[in-house]
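Remarks on the structure that follows.
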Amino acid sequence: MPSSEKETLATLEGVSRVYRTQYVETHALTDINLEINSGEFLVLTGPSGSGKTTLLSILGLMEPPSGGRLVIAGQEISGLDRKMRAQVRGQHIGFVFQFFHLIPDLSIEDNVALPMHYAGRPANEIRQRVSELLERLELAHRSSHLPVQLSGGQKQRAAIARALANRPKLILADEPTGNLDTETGNQVMDLFHQLHEEGHCICLVTHDLSHVKDADRHLKLQDGRIVA
Ligand code: ADP
Ligand code: MG
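If you want this note's numbering, it's the position in the sequence shown, counting the first as 1, plus 23.
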């Protein structure tokens, strides 16, 4: 993508996240400053407990920061209510998880359709988009199956199809290959690279350092801070 077409998808300024329970206060993130641009392939690594999932959840508007400023696709997030945050998320962000998080009693096609239903898309558009995505991810023959009937790789491909449903610019993936064998994991990584080439911004959390080499930028987290 030419640099003139670059836009800022996410800005974090002094973002922190503190989890408080009755006895302990955990500083999961401290003073995170970060700008994420369209078309970027960002890889995030760090030891277990360093705040990777928390950072992705905040970027994905799944939980609010405890402090600091967050802007997603030009929208200041702190002023938005729950419903508006969900709208911004649905429009701009696709999420892929280590354990897929498909809804167990919905068929694969209904899982993939869900973000479009939430976005209020018309039924014929949903049908067409779902069949196009299932075709692309080689799941057309599994469309009416339940998640439990699919292999790990198929489940992750279904989750990726769901993440793509609303054509988000920003795709957040939290250890998406962490629960797959090496070959299946590599296929999933190939997919992320294809999506990147098509112009999506990918923000990938991984333990696998072999995923770092193709990234535009590599961020390391430690104790809730970006250290490199
Ligand atoms: P990572 O994904 O890098 O392993 P996390 O973002 O999951 O790290 O967690 C960062 C820190 O925040 C850890 O110390 C973890 O125990 C703590 N934490 C995460 N979620 C919660 C929560 N819901 N309640 C309390 N502490 C949490
Ligand atoms: Mg994690």
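Beta carbons: idealized from backbone N, C-alpha and C, even for Gly.
Report task. Report, in whole angstroms, the separation of the C-beta atoms of V119 and H241, which I expect to be a contact under 8 Å. Result -> The sequence position of residue 119 within the sequence shown is 96, counting from 1. The sequence position of residue 241 within the sequence shown is 218, counting from 1. About 19 Å separates the two Cβ atoms, so there is no contact after all.
Requested in this report: On the DSSP bridge assignment, give the partners of D197 in chain order.
Outcome: Taking the sequence shown and counting its residues from 1, the one referred to as residue 197 is at position 174. The partner list for D197 (beta bridge, DSSP) reads V228.
Query raised in the report: Between which two residues does the beta strand (DSSP E) containing V153 stretch?
Result: Working through the sequence shown from its first residue, we reach residue 153 at position 130. Taken as a continuous stretch (DSSP letters only), V153 belongs to no beta strand (DSSP E), being part of the alpha helix (DSSP H) at A146 to R159.
**Report entry** Whole-angstrom distance between P88 and I59, CA atom to CA atom
**Finding:** Residue numbering aside, residue 59 sits at position 36 when the sequence shown is read from its first letter. Residue numbering aside, residue 88 sits at position 65 when the sequence shown is read from its first letter. Those two C-alpha atoms are separated by around 17 Å.
Query raised in the report: Distance, Cα to Cα, R108 vs V235?
Result: Taking the first residue of the sequence shown as position 1, residue 108 is located at position 85. Taking the first residue of the sequence shown as position 1, residue 235 is located at position 212. Cα-Cα distance, rounded: 31 Å.
Requested in this report: Could you tell me whether the Cβ atoms of L169 and P127 are closer together than 8 Å?
Outcome: The sequence position of residue 169 within the sequence shown is 146, counting from 1. The sequence position of residue 127 within the sequence shown is 104, counting from 1. Yes, the Cβ-Cβ distance between L169 and P127 is below 8 Å.
Query raised in the report: Among T68, Y42, G62 and E36, which residue has its Cα nearest to the Cα of N56?
Result: Here residue 56 refers to the residue found at position 33 of the sequence shown. Minimum Cα distance to N56 is reached at E36.
Query raised in the report: How long is the line joining the alpha carbons of P70 and I100, rounded to whole angstroms?
Result: Residue 70 sits at position 47 when you count from the first residue of the sequence shown. Residue 100 sits at position 77 when you count from the first residue of the sequence shown. If I take the Cα positions, the gap works out to 28 Å.
Query raised in the report: Per the contact definition of three or more C-beta pairs closer than 8 Å, is the stretch 184–192 in contact with the stretch 205–215?
Result: no
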